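Chemist:
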Amino acid sequence: MASHSGPAISSPLTCCDAQSVSEENVFASERRAKDRIGELELVSRSVDHKWYYYPEMNRDEVLLIKTFDSAADGRATRSVHTAFRNHLAPIDCPPRESIESRMMVFF
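Structure below.
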């Protein structure tokens, strides 16, 4: 656990509106680990993307990101997310910390 408790502003969490991501911008990429080879989806840049970021997120704030949905009824099937370097952040501000947990939910 980090010793700081202030907001992380050096690289804010950023999510793209799923409605603004065209399938034309999505492509597969090989992901290699030491014990397996997998695949993940990447998204190429588009001026149509609508991005939202979470400035100064505190350690007691949580964002749940649905990364995949098999339903083909028009709802979001993925959530494009990243972080960006905030050049306005003080040079000595702490980096953003992230914990990733995966689960499967069946309905």
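The sequence shown begins at 3 in the working numbering and counts up by one.
Glycine residues also receive a C-beta, built at the ideal position from the N, C-alpha and C atoms.
Computed from a prediction, not measured in an experiment: that's the story for all the values here.
#1: Please list, in chain order, all residues of the same chain as GLU58 whose beta carbon is under 7 Å from its beta carbon, the five residues on each side excluded.
#2: What do you reckon, are the CB atoms on PRO96 and SER13 nearer than 8 Å?
#3: In three-state terms, what does DSSP make of GLU32?
#4: Please name the residue, chosen from GLU63, SER100, ASP19, ALA35, that lies closest to HIS51 on a Cα-to-Cα basis.
#5: Beta strand (DSSP E) containing CYS95: first to last residue?
#6: What are the start and end residues of the beta strand (DSSP E) that includes HIS83?
#7: Give the range of the beta strand (DSSP E) segment to which THR69 is assigned.
#8: DSSP state of ALA78, grouped into three classes?
Modeler: Quick look at the numbers:
#1: So the qualifying residues of the chain are PRO9, ILE11.
#2: For PRO96 and SER13, no; Cβs fall outside 8 Å.
#3: Of the three classes helix, strand and coil, the one that applies to GLU32 here is strand, per DSSP.
#4: Nearest C-alpha to HIS51: ASP19.
#5: The continuous stretches of beta strand (DSSP E) do not include CYS95, and DSSP gives it neither H nor E.
#6: In the DSSP assignment, HIS83 falls within the beta strand (DSSP E) that extends over 83-85.
#7: Bounds of any beta strand (DSSP E) do not take in THR69, whose DSSP letter is neither H nor E.
#8: In the three-state DSSP reduction, ALA78 falls in the coil class, being neither helix nor strand.
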